[in-house]
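Read through the structure below, which is laid out as C-alpha cells, and then see the notes.
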Amino acid sequence: MKIPTPIKALLVHGALFGVVFVTFAAALKPVTLLNVSYDPTRELYEQINPAFARHWKEKSGQVVTVKQSHGGSSKQARAVIDGLQADVVTLALAYDIDALHQNAKLIPKDWQKRLPNNSAPYTSTLIFLVRKGNPKGIKDWDDLIKPGVSVITPNPKTSGAARWNYLAAWGYALRKNNGDQKKAQEFLASLFKNVPVLDSGARGSTITFVDRGIGDVLINWENDILLIAKKEHVGKYEVIYPSVSILAEPTVSIVDKTVDKRGTRGIAEAYLQFLYSDEGQEIAAKNFYRAQSPKVLEKYAAQFPKVELFTIDEVFGGWQKAQKTHFNDGGTFDAIYQGAK
Amino acid sequence: MTNKTRKVALTVSALSTLWAANSALAQESETIRELKSQVQELDQKLRVVERRLEFEREASSEKSKSAPVISAGAGGFSFRSADTNFVLKLRGYIQADSRWFIDDGIDANDTFLLRRVRPIFEGTVFDKYDFRVMLDFGSGVSSSAANNGFLQDAYLNARFLPEFQLQFGKFKEPVGLERLQSGANLLFVERAYPTQLLPNRDAGVQLHGELFTGTLNYAVGIFNGVADGGSGDFETADDEKDGAARLFAQPFRNTDNAALKGLGIGLAGTYGNQEGALRSFVSPGQQRFFAYRTSTAATAPNVEADGDHWRLSPQGYYYWGPLGLFGEYAISSQDVRQVGGGAGAGEVAELRHTAWQVAASYVLTGEENSWRGITPKRPFNLSGGGWGAWEIAARYSELDIDDDTFPIFANPDTSATGARSWTIGVNWHLNRNVKFNLNYEQTDFEGGDQNPITAQKEHAILTRAQVSF
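In C-alpha cells, the structure reads:
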C-alpha cells in the first residue's frame, strides 16, 4: 500500500500528538484512589486520607483524593474480586486479602512480604463492651455462655471481626480445657446459643448493641470499643478486658491489577507506606489501634491495658488452616450455628 | 386476763400483722421484679425482631442496587447493569416522506416514500467502550457488495478519556457540519449542497475528543476514502487512504453569556487519492441535475476519479434562545480522467466544485433552538391544551460545478453547471419524538437545457412525518 506523504505526516503527527497529550494529561490530572476497607476503620481513614493528601501534594504537587468503602471484611474482598476497582485494600485479616490472589489473581501470592510487619501497619485485639454497671457481671469468656446472657457478635461468614472473636473464644476454651478441641467446640456452641442476631459486619454489631439496645455484651475490636466508651458514649458503657484474647493483625495491600490498569501504582504504594510513617502511626494510635512503631506505642501505652494475647499461628496454625477448619462451608461454625438456631 | 397477759397478746397480734404485711410486700416486690424481668425479656425479643426486619430491608435494598435497570423514555429504551458499566439501548427513527413537483410535466417523480427507516442498537461495555450499529430499511436502500446503504453505522468508540477517544469501524467522516447532524434533527427535509461535496460514512479509524472542558472538539482520522457525498465500508477502487480532520470550537459554551453560548465555528478537510466512479449531484427534490459522463461501451466517454482529492469546509452555527443560524461552505478538488473512448479520451483535469448554504430558523413557541433538535415545552395534547413547538425556517444554497468539467467530463446539454435553491419550511414538533416538516423549495439550474429536470425551475413541496426514539 502506498501511503501519500500528507497521510504519513498526519499519522506521525497524530501519533506524536497522542503520546504527548496523554502523558501531559496523566501528569497534571488529579488522582482518585479507592481504599476498600473493613467496617470499623471509617474514622481512622477519614483522618489518614487528608493527611496523606497533604503529604502527597507537598511531595509531588499532585492532588489526590482517597475515597473509602467499608463493609464486612470478607464481603469487601468479594466485591473487589467481583470487579470493584479498589486501588488498595485495608482489610481485617490476611485471609481476605489472600482471596484476591486465590480467586482472581489480582495480587501476587507473596503480597504480605511487600510491607513491614507482614503488611500489618497496626494491630488490635478483641474485647468486651457491657452496659453501665455491668448488670450481668461479665468478666471473662466463661460469663458469655451463662444462660440469660445475650451476646452480640457479627457473622463469621462475612465479618473479619467475627472470625477474630470466634478464634479468641476458641483459644480461651482450648486453654481452659487443656487443648480439648471437642470441649472448645461445645464452648462456642453454648456461646452462639446466646447470640440473638448476626450482623454482617463489626459496625453493624455496634449498631445492634449501642443504637438498638440489644444484648448484654458486645465482643468487638478494641479500637471500636474504646472509641465508643471513651469518645462517643462516655459514661454509658464499661470496657471489659478478658483474661486472654487474640492478637489481631489487620493487613493492607495494593491491588496490582487495578493500579496497573489505572496507572496509580506509585501513589497507591505511597499511601500504604504512609500508614507506617510517624504521622500515620500517630493517627492510628489516636484512633485506638495499637501502633507498630515502638515509639508511638510507648507514647500511647496508657490507653491499652496489658492483656495476654496469643497469635493465630500459635493456636490455629495460620489463617488458611483456621479458615478451612472453622469457617469454610461444613466447618465448625456451620455445625455450631445450625445447632444453635 | 391480767394486764401483762393482755400486753403479750396485743404484741403477738401486732407482730403477726406486721409479719403478714411484710410477707405480702415481699411477695409483691418479687412479682414486680419478675414482671420487670419479663418486660425486659420481651423488650429484647421485640428489639431482636425489629433488628432482623432491618436486616431483611437492608438485604432487599442491597439486592435492588445490584439489579439491572430497564428504562423507557423519550431517549429510547435501555437496559443497563446496576453499576452502569454495561448498557444496551434500542433507538431508531422512521421518516415517512412525500415529494410533490409543481407543474413540471415529468412523470413518476411525485411520490410517497420511506426516506429513512433506521433501527439503532447502541450501548457500552466495561464502562468506556461504546458501540453503535445503525441499519437503514428506507426506500431504495438495498444491501450490496459494499453494504453501503444498508449498514449505515457500525463502530466501536473507546472513551479512554474525554480528551482521548479512538473510534473504529464505519461512521461519518468528521467533515461536514450538516452531515454530522443526525438525520433525525435536520432543519429541512433534505440537506443542502455542501453535504454533496463532502464525505458521508466511511470505514476507518479516528482519534477524537473534547478539550478545554468541551469548548474545543477535535477529530483526526484515516479512512478508505469515498467520492463526494459518498459512503463506503469496503475499498474496491484503490489502495490509497484519505486523511480527514476537523476542529470545532464553542468558546463560550461554558460561560453565562446567553447571547454567545450557542456560537460554534469550525474548519474541516480531507486529503487523499481517489480512484474509481464519481457521484452525481441532486436537487433538494432529489432529482439528478449533474452527472459525469459514464459508459461501459469502449467507444463512449467514461469519467472516473484518478488522483488527488482534497476538500475544505469552514462551518459554523449560532443559537440564541429560539433563534438559530447555520452556515457551511465546501470546496472539493478532484483529479479526473476520461478513461473511456470517444471525445476527450485520456484527458485529465483537476476539477474544483464549490457549494455553500446559509439557513435561519426561529421557534415561534419560544423553545430553545439547538443543533440537537428541539424539545417542546408543552407537548401536543388535544385534551391538555399543549400545541408542541412550532418552528419556521429558510435556507439559501448554491452548488457551482467547475467550468472545466464541460464538455469533456460532463454533458452540458443534460447536466447543469450550477444550481441555486431556496427553501422555506415549517416544522411542528409535537413532542421530543414526533415531528412534521413541510418545505417548499425552488431551484434554478444553469445549463442542461435538454434535460427536462434542469431545463426548468424545480418547484417542489416536500413533507415528512417522523418518529424518533
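Keeping their order, the protein sequence lines are chains A and B.
This note's numbering puts the first residue of the first sequence at 1, with every later residue one more than the last.
This note's numbering puts the first residue of the second sequence at 342, with every later residue one more than the last.
All residues carry an ideal CB built from backbone N, CA and C; glycine is no exception.
All values derive from a computational prediction rather than experimental measurement.
With C-beta atoms as the reference, is residue i less than 8 Å away from residue j?
i	j	result
B:Gln615	B:Gln675	yes
B:Asn558	B:Phe589	yes
A:Ala343	A:Val36	Residue 343 of chain A is absent from the structure shown; chain A starts at 1 and stops at 341.
B:Ala398	B:Tyr434	Residue identity differs from the one stated: residue 398 of chain B is Arg in this sequence, not Ala. Taking 8 Å as the Cβ cut-off, B:Arg398 and B:Tyr434 do not qualify as a contacting pair.
B:Pro535	B:Glu519	yes
A:Leu100	A:Val66	no
B:Glu605	B:Tyr670	Looking at the sequence itself, residue 605 of chain B is Gly, so the reference to Glu does not match. Taking 8 Å as the Cβ cut-off, B:Gly605 and B:Tyr670 do not qualify as a contacting pair.
A:Ser344	A:Gly160	Since the first residue of chain A shown is 1 and the last is 341, residue 344 of chain A is not available in this structure.
A:Thr311	A:Asn118	no
B:Asp323	B:Gln493	Lying before the first or after the last residue shown, residue 323 of chain B is absent from chain B, which here runs from 342 to 810.
A:Leu144	A:Leu191	yes
B:Asp744	B:Thr758	yes
B:Phe453	B:Ser439	yes
B:Ile794	B:Arg532	no
B:Gly610	B:Trp651	yes
B:Arg736	B:Asn778	no
A:Ile267	A:Gly215	no
B:His770	B:Ile733	no
A:Leu129	A:Ile207	no
Residues of chain B with CB closer than 9 Å to the CB of residue i, please, in chain order.
i	result
A:Gly213	Asp384, Gln385 and Arg388
Interface residues of chain B around residue i at Cβ under 8 Å?
i	result
A:Thr208	Arg392
Using a cut-off of 7 Å between C-beta atoms, extract the partners of residue i located in chain B.
i	result
A:Ser150	Gln385
A:Pro196	Val389
Express the C-alpha separation of residue j and residue i in angstroms, rounding to a whole number.
i	j	result
A:Gln47	A:Val259	23 Å
A:Pro40	A:Val296	21 Å
A:Arg114	A:Gly263	19 Å
B:Gly812	B:Ile802	The structure shown has nothing for residue 812 of chain B, since chain B only spans 342 to 810.
A:Phe21	A:Gln85	Bear in mind that the predicted position of A:Phe21 carries a pLDDT of just 48, short of 50, making it too unreliable to give a figure here.
B:Gly665	B:Glu782	19 Å
A:Tyr241	A:Leu167	16 Å
B:Arg374	B:Leu383	14 Å
A:Met1	B:Arg620	In this predicted model, A:Met1 has a pLDDT of only 48, less than 50, meaning its place in the structure is not dependable; the value taken from the coordinates is given anyway. Cα-Cα distance, rounded: 25 Å.
A:Gln185	B:Ile411	49 Å
B:Phe822	B:Asn498	Shown here, chain B extends from 342 to 810; a query on residue 822 of chain B therefore has no answer.
A:Ala26	B:Asn598	Low local confidence applies: a pLDDT of 49 at A:Ala26 is under 50, so the model's placement there is unreliable, with the coordinate-based value given in what follows. So the alpha carbons of these two residues sit roughly 32 Å apart.
A:Val12	B:Gly613	Note that A:Val12 scores a pLDDT of 49, beneath 50, so its modelled location is shaky; the value from the coordinates is reported in the next line. Straight-line Cα distance between these residues: approximately 16 Å.
B:His694	B:Asp543	21 Å
B:Gln508	B:Phe501	11 Å
A:Gly61	B:Ala585	38 Å
A:Ile125	B:Thr554	Residue identity check: residue 125 of chain A is Thr in the sequence provided, not Ile. Taking the straight line joining both Cα atoms gives about 50 Å.
A:Thr23	A:Pro30	Residue placement at A:Thr23 cannot be trusted, given a pLDDT of 47 that sits under 50; what the coordinates show is reported in the next sentence. For A:Thr23 and A:Pro30, the distance between alpha carbons rounds to 13 Å.
A:Asp334	B:Gln379	32 Å
A:Ala173	A:Leu188	8 Å
Locate the beta strand (DSSP E) running through residue i, then write down its first and last residues.
i	result
B:Trp661	Val644 to Trp661
B:Lys776	Val775 to Gly788
B:Trp441	Val428 to Phe442
B:His770	Ala757 to His770
Between the options, which has its C-alpha nearest residue i's C-alpha?
i	options	result
B:Val775	B:Gly789, B:Val808 and B:Arg374	B:Val808
B:Val428	B:Gln591, B:Leu619, B:Thr465 and B:Leu552	B:Thr465
A:Tyr95	A:Gly330, A:Ala322, A:Tyr337 and A:Gly331	A:Ala322
B:Gln791	B:Asn498, B:Thr755 and B:Thr556	B:Thr755
A:Ser69	A:Pro116, A:Glu43, A:Lys59 and A:Pro135	A:Glu43
A:Ala77	A:Ile97, A:Leu174 and A:Pro196	A:Ile97
B:Ser480	B:Arg473, B:Tyr470 and B:Phe491	B:Phe491
A:Gly235	A:Gly179, A:Ile246 and A:Asn134	A:Asn134
B:Asn752	B:Trp661, B:Thr764 and B:Ser636	B:Ser636
A:Lys286	A:Leu272, A:Gln303, A:Tyr276 and A:Phe274	A:Gln303
What are the boundary residues of the alpha helix (DSSP H) that residue i is part of?
i	result
B:Gln675	From DSSP, B:Gln675 is part of no alpha helix (DSSP H) but of the beta strand (DSSP E) over Leu664 to Gln679.
A:Asn103	Ala94 to Ala104
B:Tyr470	Unbroken run through B:Tyr470 is the beta strand (DSSP E), Tyr470 to Leu476; no alpha helix (DSSP H).
A:Tyr166	Gly160 to Lys176
B:Leu521	Leu518 to Leu521
B:Pro625	First-last for B:Pro625: undefined, no H or E at that position.
B:Pro535	Pro535 to Leu538
A:Gly280	Asp278 to Lys286
A:Gly204	Ala202 to Thr206
A:Glu186	Gln181 to Lys193
A:Arg131	Counting along the chain, A:Arg131 falls outside any alpha helix (DSSP H), though it belongs to the beta strand (DSSP E) covering Tyr122 to Arg131.
A:Leu226	Glu222 to Leu227
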